[in-house]
Amino acid sequence: MIQPLNRAFVVLLLFVMPCGIAAADESPLPTLNVATRSVPPFAYQDADGTWRGIAIELWERIADTIGVSSRYVEVSLDEMLKGTATGRFDAAVGALSVTPEREAAFDFSHPFYRTGLGIAVARDDDDGWWSMLGGLASPRFLGGVAALLLLLAVVGAAVWLFERRRNTQFPRDPVCGIGAGLWWSSVTMTTVGYGDKAPVTFGGRVLGLIWMFASVILISMITAGLTTALTLDALSDKVASEDDLGKVRTATVANSTSARRLRSRGISFSAFDDLGAAMQALAAGEFDAVVYDRPLLRYRVRTLYPERLRVLNITFEPQDYAIGLPPDSALREKVNRQLLAHSRGNTWEALVMRYLGTE
Numbered sequence: 540m541i542q543p544l545n546r547a548f549v550v551l552l553l554f555v556m557p558c559g560i561a562a563a564d565e566s567p568l569p570t571l572n573v574a575t576r577s578v579p580p581f582a583y584q585d586a587d588g589t590w591r592g593i594a595i596e597l598w599e600r601i602a603d604t605i606g607v608s609s610r611y612v613e614v615s616l617d618e619m620l621k622g623t624a625t626g627r628f629d630a631a632v633g634a635l636s637v638t639p640e641r642e643a644a645f646d647f648s649h650p651f652y653r654t655g656l657g658i659a660v661a662r663d664d665d666d667g668w669w670s671m672l673g674g675l676a677s678p679r680f681l682g683g684v685a686a687l688l689l690l691l692a693v694v695g696a697a698v699w700l701f702e703r704r705r706n707t708q709f710p711r712d713p714v715c716g717i718g719a720g721l722w723w724s725s726v727t728m729t730t731v732g733y734g735d736k737a738p739v740t741f742g743g744r745v746l747g748l749i750w751m752f753a754s755v756i757l758i759s760m761i762t763a764g765l766t767t768a769l770t771l772d773a774l775s776d777k778v779a780s781e782d783d784l785g786k787v788r789t790a791t792v793a794n795s796t797s798a799r800r801l802r803s804r805g806i807s808f809s810a811f812d813d814l815g816a817a818m819q820a821l822a823a824g825e826f827d828a829v830v831y832d833r834p835l836l837r838y839r840v841r842t843l844y845p846e847r848l849r850v851l852n853i854t855f856e857p858q859d860y861a862i863g864l865p866p867d868s869a870l871r872e873k874v875n876r877q878l879l880a881h882s883r884g885n886t887w888e889a890l891v892m893r894y895l896g897t898e
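Numbering-wise, this note's numbering puts 563 at position 24 of the sequence shown, and it's gapless, one number per residue.
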């Protein structure tokens, strides 16, 4: 009786063991708490709440290779930094810049994207003529016109003094006479020379000869000066480089690398909680420039404001994006090896191109 029972037990054991082995094979992967925040195109949630972006896709490839799954936790930048430093999060993924202060608080992986700060400004293709016309009322332009009229009046008065007694073309009455002299000096300077008035005295002719030669030089100088005045006034509120930021209304994101840069340069700025709000204010004309990470500016302009804003073709304050890890993280070496493997080659370039496009 015992022998049949033993056989039954063995048969039952043979059936149970594969099930146990299968259950062991299907055990869930270790789950990591990954801090992130919305910084398109490196990290953002799509319509169904799935996290996507350059940094997210890179991290997913790394996680698949090292055999872990991820639970994404959306936090602010400050929470991300503090949580990574204390070990609350196993990793921080997004557009996270490597800085000396952050490196002192927690570890970083190898950099996966090299960039820098950029400047977004409003497109001015449509208001060039209005800017030029506005320059006609500028103090610089009006001052040039006043100086020219004064010079013409002085020369006109001088020729009148020579001609008033012997030339009926220049009446003795000061108002009419100087007016005639102003007309003569104007047409002589512009080489129009109607011929309705001409000096007849020796002094008047000498003055006329000097004025004709001087006018050749003066007209070139005045033309160049007035053109420069119009151009400078048309461009005075534009930004061409970082050096111009101190002269315009500048905005950036609070507690960011760009905010520290502006503060170190003594440039006044307004700080927003997020880039989206800053870009909206720029598009509305409330600011003249937004300073922030250049790829983030490019993505915002490309997807939301292609007709209204543009990003200047300059980069300053070079910086690297990397994955944040808690101090002495056991994952660091594994992450670094896989990051180097996945952030190179055509596949990586295609990923970046898909989100950022070309310049």
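We put the CB at the ideal spot given by N, CA and C, even for glycine.
Look at SER724 and VAL684 and say whether their C-beta atoms are less than 7 Å apart. Residue mapping note: residue 724 aligns to position 185 of the sequence shown, counting from 1. Residue mapping note: residue 684 aligns to position 145 of the sequence shown, counting from 1. Using a Cβ distance threshold of 7 Å, SER724 and VAL684 do not count as a contacting pair.
> Straight-line CA distance for THR886 to LEU597?
Replying inline: Position 347 of the sequence shown, counted from the first residue, corresponds to residue 886. Position 58 of the sequence shown, counted from the first residue, corresponds to residue 597. Whole-angstrom Cα-Cα distance: 11 Å.
TODO: Would you mind working out which of SER797, ALA810, ILE593, VAL891 sits nearest VAL637, comparing C-alpha positions?
DONE: Locating residue 637 in the sequence shown gives position 98, where the first residue counts as 1. Here the closest residue by C-alpha is SER797.
Query - Per DSSP, cross-strand counterpart(s) of LEU656 - result: Residue mapping note: residue 656 aligns to position 117 of the sequence shown, counting from 1. According to DSSP, LEU656 bridges with ASP832, PHE855.
Can you have a look at LEU620 and say buried or exposed, based on whether 16 or more other CB atoms are within 10 angstroms of its CB?
-> Residue mapping note: residue 620 aligns to position 81 of the sequence shown, counting from 1. Under this definition LEU620 is a buried residue.
How big is the Cα-Cα spacing for GLN877 and VAL787? As a working note, residue 877 is residue 338 in the sequence shown. As a working note, residue 787 is residue 248 in the sequence shown. Our two residues, GLN877 and VAL787, have alpha carbons roughly 44 Å apart in a direct line.
task: Figure out for me which residue from PHE855, ASN572, ASP827 has the closest Cα to the Cα of VAL612.
output: The residue you call residue 612 lines up with position 73 of the sequence shown. ASN572 is the residue among PHE855, ASN572, ASP827 whose C-alpha sits nearest the C-alpha of VAL612.
Should PHE701 go down as buried or exposed, given a rule of 16 or more other Cβ atoms within 10 Å for buried?
Here residue 701 refers to the residue found at position 162 when the sequence shown is read from its first residue. Burial call: buried.
- Since GLY720 sits in a beta bridge, which residues does DSSP pair it with? For this step, residue 720 is matched to residue 181 along the sequence shown. Looking at the DSSP assignment, GLY720 forms no beta bridge with any residue, so it has no partner.
Roughly how many angstroms separate the alpha carbons of VAL829 and GLY896, rounded to a whole number? If you number the sequence shown from 1, residue 829 lands on position 290. If you number the sequence shown from 1, residue 896 lands on position 357. Their backbone Cα atoms lie some 21 Å apart in a straight line.
Worksheet item: Under the rule that 16 or more other beta-carbon atoms within 10 Å means buried, what is ASP665, buried or exposed?
Response: On the sequence shown, position 126 is the one that residue 665 refers to. At ASP665, the pLDDT of 47 sits below 50, so the modelled position is not reliable; the number obtained from the coordinates is stated separately. So ASP665 counts as exposed.
Requested in this report: Return the Cβ separation of ASP859 and PRO650 in integer angstroms, given the expectation that the two are a contact with Cβ distance under 8 Å.
Outcome: Here residue 859 refers to the residue found at position 320 of the sequence shown. Here residue 650 refers to the residue found at position 111 of the sequence shown. Contact holds; Cβ gap of about 4 Å.
Going by the DSSP bridge assignment, what does ARG591 pair with across the sheet?
The residue given as residue 591 occupies position 52 in the sequence shown. BP columns for ARG591 point to TYR583.
Within 10 angstroms of its Cβ, does GLU888 collect 16 or more other Cβ (buried), or is it exposed?
-> Here residue 888 refers to the residue found at position 349 when the sequence shown is read from its first residue. Classification of GLU888: exposed, given that the 10 Å Cβ count is below 16.
- Message: Quick check on DSSP: helix, strand or coil for LEU870?
- Response: Here residue 870 corresponds to residue number 331 of the sequence shown, with the count starting at 1. Here LEU870 sits in coil by DSSP.
Please determine, among THR625, HIS881, SER868, ARG893, the residue with the shortest C-alpha to C-alpha distance to PHE647. Translated into positions along the sequence shown, residue 647 becomes position 108. By alpha-carbon distance to PHE647, the top candidate from THR625, HIS881, SER868, ARG893 is SER868.
Review point. Per the contact definition of three or more C-beta pairs closer than 8 Å, is the stretch 711-718 in contact with the stretch 744-763?
Key: A contact between stretches requires three or more CB pairs, one per stretch, nearer than 8 Å, and the stretch 744-763 fails this requirement with the stretch 711-718.
Kindly indicate which residue of TRP722, PRO857, ALA697, ARG641 has the alpha-carbon position closest to the one of GLU618.
As a working note, residue 618 is residue 79 in the sequence shown. If we check each option's Cα against that of GLU618, ARG641 comes out closest.
- prompt: If we call anything under 7 Å between Cβ atoms a contact, is ALA574 one with VAL607?
  reply: Within the sequence shown, numbered from 1, the residue matching residue 574 stands at position 35. Within the sequence shown, numbered from 1, the residue matching residue 607 stands at position 68. Taking 7 Å as the cut-off, the beta carbon of ALA574 is found no closer than this to the beta carbon of VAL607.
Practice item. Using alpha carbons as the reference points, say which of THR740, TRP699, VAL739, ARG704 lies closest to TRP722. Key: Looking up residue 722 in the sequence shown gives position 183. With distances taken between Cα atoms, TRP722 lies closest to TRP699.
Minimum length 4: unbroken alpha helix (DSSP H) runs contained in the stretch 783-852 = Here the runs fully enclosed are 796-803, 814-822, 833-843.
*Rank SER807, TYR831, ILE749, ILE605 by C-alpha distance to the C-alpha of HIS881 and give the top, closest one.*
Position 342 of the sequence shown, counting from 1, holds the residue named residue 881. Cα-wise, what sits closest to HIS881 is ILE605.
| said: Please return the same chain residues whose Cβ sits closer than 6 Å to the Cβ of SER577, not counting the five positions on each side in sequence. | reply: If you number the sequence shown from 1, residue 577 lands on position 38. Counting only residues of its own chain and dropping the five nearest sequence neighbours on each side, SER577 has a CB closer than 6 Å to the CB of TYR583.
Please tell me whether GLY657 and VAL850 are closer than 7 Å, where the distance is taken between their beta carbons. Here the question's residue 657 lines up with position 118 in the sequence shown. Here the question's residue 850 lines up with position 311 in the sequence shown. For GLY657 and VAL850, yes; Cβs fall inside 7 Å.
Assuming the contact rule is C-beta atoms closer than 8 Å, PHE826 and THR789 should be a hit. Round their C-beta distance to whole Å, please. Numbered from 1 along the sequence shown, position 287 holds the residue referred to as residue 826. Numbered from 1 along the sequence shown, position 250 holds the residue referred to as residue 789. Confirmed, about 7 Å.
- By Cβ distance, which residues of its chain are closer than 8 Å to ALA602, with the 5 residues on each side in sequence left out? Counted from its first residue, the sequence shown places residue 602 at position 63. Only LEU571, SER608, SER609 meet the Cβ criterion.
* Asked: Got a sec: is the Cβ-Cβ distance from VAL726 to anything in chain D below 7 Å?
  -> No chain D is part of this structure, which consists of one protein chain only.
**Asked** Should THR886 be counted as a contact of the ligand MN given a C-beta to heavy atom distance under 6 Å?
**Response** Of the ligands one can find in the structure shown there are none, so the ligand MN has no counterpart to examine.
**OP:** Return the Cβ separation of GLU872 and GLY655 in integer angstroms, given the expectation that the two are a contact with Cβ distance under 8 Å.
**Re:** The count along the sequence shown starts at 1 and reaches residue 872 at position 333. The count along the sequence shown starts at 1 and reaches residue 655 at position 116. In this structure GLU872 does not touch GLY655 by the C-beta definition: roughly 28 Å separates them, more than the 8 Å allowed.
Exercise for the section: Could you have a look at LEU635 and say whether DSSP puts it in helix, strand or coil? Expected result: Taking the sequence shown and counting its residues from 1, one reaches residue 635 at position 96. Coil, per DSSP.
For my contact list, ARG841 and LEU814 are in at a C-beta cut-off of 8 Å; report their separation, rounded to the angstrom.
Looking up residue 841 in the sequence shown gives position 302. Looking up residue 814 in the sequence shown gives position 275. The beta-carbon distance between ARG841 and LEU814, rounded to whole angstroms, is 14 Å. This is too long to meet the 8 Å contact definition.
Discussion item. Give me, in chain order, the residues of the same chain whose beta-carbon lies closer than 7 Å to that of VAL632; leave out the 5 immediate sequence neighbours on both sides.
Written reply: Residue numbering aside, residue 632 sits at position 93 when the sequence shown is read from its first letter. Cβ neighbours of VAL632 beyond the five flanking positions: VAL573, THR575, ALA582, ALA594, ILE595, TRP598, ILE862.
Cross-strand partners of ASN706 (DSSP beta bridge): For this step, residue 706 is matched to residue 167 along the sequence shown. ASN706 pairs with nothing; no bridge assigned.
Is the beta carbon of ALA816 sitting closer than 7 Å to the one on ALA793? Indexing the sequence shown from 1 puts residue 816 at position 277. Indexing the sequence shown from 1 puts residue 793 at position 254. Inclusion of ALA816 and ALA793 in the CB contact set at 7 Å is not warranted, their separation being larger than that value.
For LEU836 versus ALA659, is the C-beta distance shorter than 7 Å?
The residue labelled residue 836 in the question sits at position 297 within the sequence shown. The residue labelled residue 659 in the question sits at position 120 within the sequence shown. It is a contact, given that the beta carbons lie within the stated cut-off.
Alpha carbons only, please: which of PRO866, ARG893, ASP832, PRO845 is nearest the one belonging to LEU635?
Translated into the one-based positions of the sequence shown, residue 635 becomes position 96. When only C-alpha atoms are compared, the closest one is ASP832.
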